[in-house]
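J.: Got a structure for you, questions after.
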Amino acid sequence: MLLSIIDLPFSISPIVVGLMMVLVYGRQGWFGHWLHNHDLSIIFAFPGMVIVTAFVSMPFIAREVIPVLEEIGDDQEQAAGTLGANNWQIFWRITLPNIRWGLLYGLILTSARALGELGAVAVVSGNIIGKTQTITLYIEDAYKNYDAEAAYSAAVLLALLAIITLVLKQILESKVHTKNT
Numbered sequence: 001m002l003l004s005i006i007d008l009p010f011s012i013s014p015i016v017v018g019l020m021m022v023l024v025y026g027r028q029g030w031f032g033h034w035l036h037n038h039d040l041s042i043i044f045a046f047p048g049m050v051i052v053t054a055f056v057s058m059p060f061i062a063r064e065v066i067p068v069l070e071e072i073g074d075d076q077e078q079a080a081g082t083l084g085a086n087n088w089q090i091f092w093r094i095t096l097p098n099i100r101w102g103l104l105y106g107l108i109l110t111s112a113r114a115l116g117e118l119g120a121v122a123v124v125s126g127n128i129i130g131k132t133q134t135i136t137l138y139i140e141d142a143y144k145n146y147d148a149e150a151a152y153s154a155a156v157l158l159a160l161l162a163i164i165t166l167v168l169k170q171i172l173e174s175k176v177h178t179k180n181t
């Protein structure tokens with residue numbers, strides 16, 4: 001059941017995710033009145049963009065870390081607890097070092113997914129030039145406005161970022177492979 005919930009963002013269209021965010025945090029949404037009274041902005045602001053991007057891409061981290069946690073078990077953590085370590089010490093000294101490669105790999109995959117996110121961010125950000133416009137939204141706008149030179153230039157920049165992400169992924173995979181052999 002938990003894995004099905006974690007995989008939910010993979011099965012929902014990013015545009016639907018953005019619309020759900022507007023329903024929950026928009027002016028007329030469930031929390032919109034409270035947010036407005038406290039002068040907080042989620043929709044058409046950076047926090048909303050972060051939330052939808054995290055929702056859409058976080059399953060990559062979970063999918064990398066969960067198998068590592070299942071493989072190592074909890075014997076070391078229980079032993080540390082028996083020896084007097086508190087939960088914070090157990091996490092920082094035992095759990096985190098054991099999952100670091102899976103976590104880092106998941107972060108790289110999440111970053112790659114976040115770079116290309118268009119649908120949810122387009123709905124939540126409002127695509128405000130100079131404020132909430134991402135490079136992907138800029139490429140879309142430039143292309144729609146027949147500014148091919150700007151669209152292709154930004155697309156090349158985005159492609160270079162994607163290539164850098166893939167190179168980092170390959171480096172990480174080789175380090176993990178070297179460590180395991």
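In terms of full-length UniProt numbering, the sequence shown has 136 at position 136, counting the first letter as 1, and numbering is strictly consecutive.
Beta carbons: idealized from backbone N, C-alpha and C, even for Gly.
(1) With distances taken Cα to Cα, identify the nearest neighbour of Arg63 among Leu103, Gly126, Thr82.
(2) How many angstroms separate the CA atom of Asp147 from the CA atom of Ala155?
(3) Which same chain residues, not among the five before or five after Pro142, have their C-beta less than 8 Å away from its C-beta?
(4) Tell whether a beta-carbon distance below 9 Å holds between Ile12 and Val124.
(5) Check whether the Cβ atoms of Glu140 and Pro14 sit closer than 9 Å, and answer yes or no.
(6) Pick from Leu35, Phe46, Arg113: whose alpha carbon is nearest that of Thr130?
(7) Is Trp30 near Leu23, with beta carbons less than 9 Å apart?
(8) On the criterion of 16 or more Cβ atoms from any shown chain inside 10 Å, does Val167 qualify as buried, or is it exposed?
(9) Would you please state the rounded distance, in angstroms, between the beta carbons of Val52 and Val121? I believe it to be under 8 Å.
(10) Would you kindly work out how many angstroms separate the C-alpha atoms of Lys144 and Trp88, rounded to a whole number?
(11) Distance, Cα to Cα, His36 vs Ala159?
(12) For Asp39, does the three-state DSSP call read helix, strand or coil?
(13) Going straight from the alpha carbon of Ile5 to that of Val50, what length do you get?
(14) Would Thr110 pass as a contact of Ser57 if the rule is Cβ separation under 9 Å?
(15) Determine the extent of the alpha helix (DSSP H) in which Gly102 is found, giving its start and end residues.
T.: According to the structure shown:
(1) Leu103
(2) If you draw a straight line from the Cα of Asp147 to the Cα of Ala155, it is about 12 Å long.
(3) A quick correction: the sequence has Ala, not Pro, at residue 142. So the qualifying residues of the chain are Ala148, Ala150, Ala151, Ala154.
(4) no
(5) no
(6) It is Gly, not Thr, that sits at residue 130 in the sequence shown. Cα-wise, what sits closest to Gly130 is Phe46.
(7) yes
(8) exposed
(9) 6 Å
(10) Cα atoms of Lys144 and Trp88: separation of roughly 51 Å, rounded to the nearest angstrom.
(11) If I take the Cα positions, the gap works out to 38 Å.
(12) coil
(13) 20 Å
(14) yes
(15) 96-115
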